[in-house]
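Participant: One structure, pasted below without further comment.
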Amino acid sequence: MSTFVERLFAELRPGVTFAECIRRSTPASAHVLEIGPGASPTFRRKDFPNLKVSDYCGTDDLQRSLERHVGATIAHQPFDDVDYVCADGRLADVVPEGQKFDLIFSSHNIEHQPDLLTHLIHVEKLLGASGVVTFLVPHHRHTFDIFRRLTNTGDVLLAHFGPPGVMAAKVGFEARTQSALLPNGADRSYGPEAPVSLGKLKAGFDRFMSDVKGEGLEFEDYHHHIFSTESLQLLMLELYLLRLTTLLPCASSGAVGNTFLMAAAATPWPEDPAQSAVLEANLESQRLALYRKLAEAAGMH
Numbered sequence: 002m003s004t005f006v007e008r009l010f011a012e013l014r015p016g017v018t019f020a021e022c023i024r025r026s027t028p029a030s031a032h033v034l035e036i037g038p039g040a041s042p043t044f045r046r047k048d049f050p051n052l053k054v055s056d057y058c059g060t061d062d063l064q065r066s067l068e069r070h071v072g073a074t075i076a077h078q079p080f081d082d083v084d085y086v087c088a089d090g091r092l093a094d095v096v097p098e099g100q101k102f103d104l105i106f107s108s109h110n111i112e113h114q115p116d117l118l119t120h121l122i123h124v125e126k127l128l129g130a131s132g133v134v135t136f137l138v139p140h141h142r143h144t145f146d147i148f149r150r151l152t153n154t155g156d157v158l159l160a161h162f163g164p165p166g167v168m169a170a171k172v173g174f175e176a177r178t179q180s181a182l183l184p185n186g187a188d189r190s191y192g193p194e195a196p197v198s199l200g201k202l203k204a205g206f207d208r209f210m211s212d213v214k215g216e217g218l219e220f221e222d223y224h225h226h227i228f229s230t231e232s233l234q235l236l237m238l239e240l241y242l243l244r245l246t247t248l249l250p251c252a253s254s255g256a257v258g259n260t261f262l263m264a265a266a267a268t269p270w271p272e273d274p275a276q277s278a279v280l281e282a283n284l285e286s287q288r289l290a291l292y293r294k295l296a297e298a299a300g301m302h
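Per our numbering, the very first residue in the sequence shown carries number 2; after that it's consecutive.
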């Protein structure tokens, strides 16, 4: 899989979806873990016999959920059986010890992880020696997250190390009051002229106060994290510099539709102090460049 990222980004071209590019770039014999595909998988076991699937619920529950969504019984299951049920992001706890993957594919999943750092740590544990993880992520400028603040490293650290529930209450308030809401039947476009509205501020505040007191706090399936390509690069780079994960971005794309692609690999720090210092200096230079890009995008330059 050492050349997987080059093959993948060579496949990117207008008119070809990210999912098609990833399938074309992946050897049929590869050990693949697809995280959270629901009823719309990118990989199928008939084409990739070493495929494993993780989702928030088991196969039967997923089938029932799909049938509720379409309002009809579905005779043929349009997805492979779920191998690992994981609803809290701690994948390495449910995957058999020793199981490693050449490719971990996660589509529109990391933004739903309340404790993103824990999830990333578990993902890196499951990568093989030259394994790659690819994330498909909604870009905030092209979704209902357009008015919400980008997730930064402090947010992720607070969710992981801070008092239980505090970050979830904050994010819940923002999701309920700052998301761009389109009227029924409107085009899913969130540009400057889109006919959007916002959530009810007072109702959001009442729920926030209940959550802070621990009275109503429970998992909800909104976006816990908001990203642009540069902000996710920066977040992962800073977590790496802090030695909290070994996942380091190796390539990323711009937005196609409402989604961008990022590939990352487990990259242990060099044991040699001189090499480690050179790497750190290079990453710090990248870090500053990313802050400059984010400032420019925000109109601060």
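From the three backbone atoms N, C-alpha and C, an ideal C-beta is built for every residue, glycine too. Please read all numbers here as calculations on a predicted model, not as lab measurements.
Return yes when the Cβ of Lys101 is within less than 8 angstroms of the Cβ of Leu117, no when it is not.
Facilitator: As a working note, residue 117 is residue 116 in the sequence shown. As a working note, residue 101 is residue 100 in the sequence shown. No. Outside cutoff.
Participant: Going by the beta-carbon positions, is the gap between Asp103 and His161 smaller than 8 angstroms?
Facilitator: Position 102 of the sequence shown, counting from 1, holds the residue named residue 103. Position 160 of the sequence shown, counting from 1, holds the residue named residue 161. Their beta carbons are not under 8 angstroms apart, which means Asp103 does not touch His161 by this criterion.
Participant: Who are the Cβ neighbours of Thr152 in its own chain at under 6 angstroms, not counting the five residues just before and after it?
Facilitator: Position 151 of the sequence shown, counted from the first residue, corresponds to residue 152. His226 and Ile227, listed in sequence order.
Participant: Residue ranges of each beta strand (DSSP E) run of no fewer than 3 residues wholly in the segment 216–253, ordered along the chain?
Facilitator: DSSP runs (the beta strand (DSSP E)) wholly in the segment 216–253: 248–253.
Participant: Since Asp212 and Ala170 should fall inside the 8 angstroms C-beta cutoff, what is the C-beta to C-beta distance between them, to a whole number of angstroms?
Facilitator: Taking the first residue of the sequence shown as 1, we reach residue 212 at position 211. Taking the first residue of the sequence shown as 1, we reach residue 170 at position 169. Yes, Asp212 and Ala170 are in contact; Cβ-Cβ is about 4 angstroms, under 8 angstroms.
Participant: Express the C-alpha separation of Val172 and Gln287 in angstroms, rounding to a whole number.
Facilitator: In the sequence shown, the residue the question calls residue 287 occupies position 286. In the sequence shown, the residue the question calls residue 172 occupies position 171. Cα to Cα, Gln287 sits roughly 28 angstroms from Val172.
Participant: Using only the alpha-carbon positions, how far apart do Val17 and Pro165 sit?
Facilitator: Translated into the one-based positions of the sequence shown, residue 17 becomes position 16. Translated into the one-based positions of the sequence shown, residue 165 becomes position 164. Computed Cα separation, rounded: 42 angstroms.
Participant: For Pro196, which residues does DSSP report across the bridge?
Facilitator: Within the sequence shown, the letter at position 195 stands for residue 196. In the DSSP output, where bridge partners are listed per residue, Pro196 has none listed.
Participant: Just to confirm, are Ala11 and Thr43 a CB contact at a threshold of 8 angstroms?
Facilitator: Against the sequence shown, residue 11 aligns to sequence position 10. Against the sequence shown, residue 43 aligns to sequence position 42. Against a cut-off of 8 angstroms, the Cβ pair of Thr43 and Ala11 comes out as no contact.
Participant: Round the Cβ separation of Ser26 and Leu9 to the nearest angstrom and send it over; I've been treating them as touching at under 8 angstroms.
Facilitator: Counted from its first residue, the sequence shown places residue 26 at position 25. Counted from its first residue, the sequence shown places residue 9 at position 8. Yes, they are in contact, since the Cβ atoms of Ser26 and Leu9 sit about 4 angstroms apart, within 8 angstroms.
Participant: Helix, strand or coil, according to DSSP, for Ala333 in the structure here?
Facilitator: This structure cannot settle anything about residue 333, because the visible part of the chain is limited to 2 through 302.
Participant: Measure how close the beta-carbons of Asp94 and Val54 come, nearest whole angstrom, since I'm counting them as under 8 angstroms.
Facilitator: The residue labelled residue 94 in the question sits at position 93 within the sequence shown. The residue labelled residue 54 in the question sits at position 53 within the sequence shown. That pair is no contact at about 16 angstroms.
Participant: Of the residues Phe145, Leu121 and Val279, which one's Cα is nearest the Cα of Val134?
Facilitator: For this step, residue 134 is matched to residue 133 along the sequence shown. Comparing Cα-Cα distances from Val134 to each of Phe145, Leu121 and Val279, the minimum goes to Leu121.
Participant: Name the two residues that bound the continuous alpha helix (DSSP H) containing Asp212.
Facilitator: Within the sequence shown, the letter at position 211 stands for residue 212. It spans Leu202 to Val213 - the alpha helix (DSSP H) in which Asp212 sits, taken as one unbroken run.
Participant: His140: which of Thr260, Leu289, Leu238 and Phe106 sits nearest, CA to CA?
Facilitator: By 1-based counting over the sequence shown, the position of residue 140 is 139. The residue with the shortest Cα to Cα distance from His140 is Thr260.
Participant: How long is the line joining the alpha carbons of Met237 and Gly205, rounded to whole angstroms?
Facilitator: Taking the sequence shown and counting its residues from 1, one reaches residue 237 at position 236. Taking the sequence shown and counting its residues from 1, one reaches residue 205 at position 204. Computed Cα separation, rounded: 30 angstroms.
Participant: Please report the distance separating the alpha-carbon of Tyr223 from that of Glu175.
Facilitator: Residue 223 sits at position 222 when you count from the first residue of the sequence shown. Residue 175 sits at position 174 when you count from the first residue of the sequence shown. Each residue's Cα considered, the two are about 10 angstroms apart.
Participant: Measure the beta-carbon distance from Leu92 to Val124 and round it to whole angstroms, keeping in mind my assumption that it falls under 8 angstroms.
Facilitator: Stepping through the sequence shown from its first residue, residue 92 is reached at position 91. Stepping through the sequence shown from its first residue, residue 124 is reached at position 123. About 6 angstroms separates the two Cβ atoms, so the contact holds.
Participant: Mark Val96 as exposed unless 16 or more other C-beta atoms lie within 10 angstroms of its C-beta, in which case mark it buried.
Facilitator: Reading the sequence shown from its first residue, position 95 is the one you call residue 96. Buried, since its Cβ has 16 or more Cβ neighbours within 10 Å.
Participant: Tell me which residues share the same chain as Ile36 and place their Cβ nearer than 6 angstroms to its Cβ, disregarding the 5 neighbours each side in the sequence.
Facilitator: The residue given as residue 36 occupies position 35 in the sequence shown. Hits under 6 angstroms: Ser55, Ser107 and Asn110.
Participant: Any contact between the segment 240–255 and the segment 265–284? By contact I mean 3 or more CB pairs, one from each, below 8 angstroms.
Facilitator: Flag = yes, the segment 240–255 and the segment 265–284 touch.
Participant: Terminal residues of the continuous beta strand (DSSP E) containing Leu128?
Facilitator: Counting from 1 along the sequence shown, the entry for residue 128 is found at position 127. Residues Leu128 to Pro139.
Participant: Along the chain, which unbroken stretches of the alpha helix (DSSP H) at least 4 residues long are found entirely within the segment 18–53?
Facilitator: Those alpha helix (DSSP H) runs which fall completely within the segment 18–53 and span 4+ residues are 19–26.
Participant: Pick from Asn283, Leu280 and Ser66: whose alpha carbon is nearest that of Ser41?
Facilitator: To locate residue 41, count along the sequence shown from 1; it is residue 40. The candidate whose alpha carbon is nearest that of Ser41 is Ser66.
Participant: Which value, in whole angstroms, describes the spacing of the CA atoms of Gln276 and Gln234?
Facilitator: Counting from 1 along the sequence shown, the entry for residue 276 is found at position 275. Counting from 1 along the sequence shown, the entry for residue 234 is found at position 233. In a straight line, the C-alpha of Gln276 is about 22 angstroms away from that of Gln234.
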